[in-house]
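Asks: Residue numbers are given in our numbering: position 132 of the sequence shown equals residue 132, and the series is strictly consecutive.
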Amino acid sequence: MIHCPCPLCGFRFFQTREAAYDHLLMKLFPPNYTFWLHHGERIVDERPSRRKELDPTINSGDQMRDMIHDACNLPGLQSKDEDSMDGHAGDVADGLPYLSNEPSHEARAFQDLLKDGDQELYPGCSRFSKLSFLVRLYHIKCMCGVRNKAFEDLARCQKDHKEAGIEYKKIDACPNDCMLYQDSDHDLSRCKRCGASRWKQNTRKNSVVRINSVVKKNGKP
Numbered sequence: 001m002i003h004c005p006c007p008l009c010g011f012r013f014f015q016t017r018e019a020a021y022d023h024l025l026m027k028l029f030p031p032n033y034t035f036w037l038h039h040g041e042r043i044v045d046e047r048p049s050r051r052k053e054l055d056p057t058i059n060s061g062d063q064m065r066d067m068i069h070d071a072c073n074l075p076g077l078q079s080k081d082e083d084s085m086d087g088h089a090g091d092v093a094d095g096l097p098y099l100s101n102e103p104s105h106e107a108r109a110f111q112d113l114l115k116d117g118d119q120e121l122y123p124g125c126s127r128f129s130k131l132s133f134l135v136r137l138y139h140i141k142c143m144c145g146v147r148n149k150a151f152e153d154l155a156r157c158q159k160d161h162k163e164a165g166i167e168y169k170k171i172d173a174c175p176n177d178c179m180l181y182q183d184s185d186h187d188l189s190r191c192k193r194c195g196a197s198r199w200k201q202n203t204r205k206n207s208v209v210r211i212n213s214v215v216k217k218n219g220k221p
C-alpha cells in the first residue's frame, strides 16, 4: 500500500500500486508536482471543502454515500473542478488499448450500493432506503447478538403467515397499562381509569403524536 498522489487522494489515502496507477490514469497526474515520496515531502494540504456544514436534518442518502465512500476507501463527493477532469479520462483510456472499458466486479458492486442507497425501501417510504434498512438490520444483529439464521427464520415465518391469511392489528394502550383503545373505546383520547392522555407532546415540533407503548402483564410499560 502506498500514499496515492492523485488529485482526489492527495497523499491522504493508502491505495495499492495498481489502484494508484488507475487513479492517475483517470484523474491525470497533478500539475507542478513537487512532493516526492520518501524525500521529506509534506502531506498535500486539504483543499477547502465545498460541502456545507453538517445539518442535523441532513439527508440519510448523503450519509449512506459517505459511508460507502469510507468503506471503499474513496474520497468524498467530487467538486466541479474534479468533474471537469473526467473529460480527459476517455482520451487517456483511448490511448491505452489494454485497458477495458467494462467496469470491474468491484466497480459494479460499488455502483449497486450507490443505487440501493438512493432507492426507496418501498414506494412512498421516506424514512428508509434499501441500503439504510439493511444497515439498520445489521446494527440490530450486531448489538443484540442475533444469528444469521434468525433473519431467515423470521422471513420464512412472515411468508407463511401471509400465505395463511394471518394478520395482526396494532392497538393503542394506556401508558399506565390500564386499558386498551379498542372496540367502543377506539376513539377515546384519555384513559377511562387514570385519565392519562393517549397522546404525548412532541417537544421538537410542538405537536401531539401517538404514544407507541407496549402492553405488559406486570408493571408499567
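Just so you know, even glycine gets a beta-carbon here, dropped at the ideal spot from N, CA and C.
Remember, it's a predicted structure, so these values are computed and weren't measured experimentally.
(1) Helix, strand or coil for R193 per DSSP?
(2) Specify the secondary structure class of S184 as computed by DSSP and reduced to three states.
(3) With a cut-off of 8 Å, do at least 3 Cβ pairs link the region 157-176 to the region 191-200?
(4) Taking C-alpha atoms, which residue in Y21, E120, A164 lies nearest to K130?
(5) With DSSP run on the structure shown, which of helix, strand or coil describes Q15?
(6) Using the Cα positions of H139 and Y21, report the straight-line distance between them to the nearest angstrom.
(7) Got a sec, what are the start and stop residues for the alpha helix (DSSP H) Y138 sits in?
(8) Among residues of its own chain, excluding the 5 on either side of L137, which ones have a beta-carbon nearer than 8 Å to its beta-carbon?
(9) Expressed to the nearest angstrom, what Euclidean distance is found between the alpha-carbon atoms of H3 and M26?
(10) Check this for me: beta carbons of M179 and D185, under 8 Å apart or not?
Replies: In terms of the structure at hand:
(1) coil
(2) If DSSP states are grouped into helix, strand and coil, S184 belongs with the helices.
(3) Inter-segment contact for the region 157-176 and the region 191-200 is present: three or more beta-carbon pairs are separated by less than 8 Å.
(4) Nearest of Y21, E120, A164 to K130, Cα basis: E120.
(5) strand
(6) In a straight line, the C-alpha of H139 is about 36 Å away from that of Y21.
(7) 130-144
(8) F151
(9) 17 Å
(10) yes
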